[in-house]
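There are 2 protein chains.
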Amino acid sequence: MKARVTVTLKNGILDPQGKAIEGALKSLGIDGIAQVRQGKVFDIELAAGADQAKAEAALKAAADKLLANTVIENYKVEVQG
Amino acid sequence: MKARVTVTLKNGILDPQGKAIEGALKSLGIDGIAQVRQGKVFDIELAAGADQAKAEAALKAAADKLLANTVIENYKVEVQG
Numbered sequence: 001m002k003a004r005v006t007v008t009l010k011n012g013i014l015d016p017q018g019k020a021i022e023g024a025l026k027s028l029g030i031d032g033i034a035q036v037r038q039g040k041v042f043d044i045e046l047a048a049g050a051d052q053a054k055a056e057a058a059l060k061a062a063a064d065k066l067l068a069n070t071v072i073e074n075y076k077v078e079v080q081g
Numbered sequence: 001m002k003a004r005v006t007v008t009l010k011n012g013i014l015d016p017q018g019k020a021i022e023g024a025l026k027s028l029g030i031d032g033i034a035q036v037r038q039g040k041v042f043d044i045e046l047a048a049g050a051d052q053a054k055a056e057a058a059l060k061a062a063a064d065k066l067l068a069n070t071v072i073e074n075y076k077v078e079v080q081g
C-alpha cells in the first residue's frame, strides 16, 4: 500500500525560495507565471497487510510530529488503495 | 489558473533524506512504514488569460530547465482548469 503526504506553506507565510524560483523562471524567459510556492512531498510505502484507516491515522501522526511544521504548514494525506 | 509540478527521485536513486525520515518515524514509535522517499512540489499560479496547452508547455520547459534534475528526477505537471 502506498501513500503520499504533501506539505505546503499556509497562505500568507512568506516563501523566499518560491520567490527565487519565480525570478529564475523569468530570467530563463519562461513567461506567464504569476507566483510559485514550494512545498514537500513524501512518498511512503506502507508495510504489507496494514489496514487503510490505521495507516491514515499513523500518517497523520507522522505529519503532525515530524513531516510538517503545523504552525506554518498545511499537510494532506492520501492513501492509495 | 493554477498548476502543480511534482518532482520525485527516479527509482533506484538513493534517497538519504528519505532514509533519515524513515528512521526518525520509527524512533517516534510510528509503525507500519516500510519506505519513505522525499520529493518536491511547486504550486504555480499562472498569469490570467493563459491558455491551458501553452501553460502546460511552459511548465514542462520550466521543469526541464530549472525545477527538476532530469538525470535523477522525474516530474509531473498538472494544470487545474
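Chains A and B are the protein sequences, given in the same order. Residue numbering for the first sequence follows the numbering used here, beginning at 1 and increasing consecutively. Residue numbering for the second sequence follows the numbering used here, beginning at 1 and increasing consecutively. Don't be surprised by glycine CBs; every beta carbon is placed ideally from N, CA and C.
Name the one or two DSSP bridge partners that residue i has.
i	result
D51(B)	None; D51(B) has no bridge partner.
V77(A)	V5(A)
Which residues in the same chain as residue i place their Cβ atom closer than 7 Å to its Cβ, once the five residues preceding and following it in sequence are excluded?
i	result
D15(B)	L9, R37 and Q38
E56(B)	V77 and V79
E73(A)	V7, T8, L9 and K10
Determine the extent of the beta strand (DSSP E) in which residue i is found, giving its start and end residues.
i	result
G39(A)	I33 to L46
Provide the residue span of the alpha helix (DSSP H) that contains residue i, from first to last.
i	result
A3(A)	No alpha helix (DSSP H) contains A3(A), which is instead part of the beta strand (DSSP E) from K2 to L9.
K26(B)	P16 to S27
Could you pull out every residue in the same chain whose Cβ sits closer than 6 Å to the Cβ of residue i, ignoring the five residues on either side in sequence?
i	result
T6(A)	V41 and K76
I21(B)	V36
Q52(B)	V79
G18(B)	V36, R37 and Q38
I13(B)	I72
Quick one: residues in its chain with C-beta nearer than 8 Å to the C-beta of residue i, no 5 flanking neighbours on either side, listed in chain order?
i	result
Q80(B)	M1, K2, A3 and R4
L25(A)	I33 and V36
N69(B)	none
A48(A)	M1
L67(B)	V5, V7, K40, F42 and Y75
Could you tell me if the beta carbon of residue i falls within a distance shorter than 7 Å of some heavy atom in the ligand MG?
i	result
G18(B)	Judged by which ligands are present, the structure shown has none, so any question about the ligand MG falls away.
May I ask you to verify whether the region 53 to 70 of chain A touches the region 60 to 77 of chain B, counting CB pairs closer than 8 Å and requiring at least 3? Touching, no.
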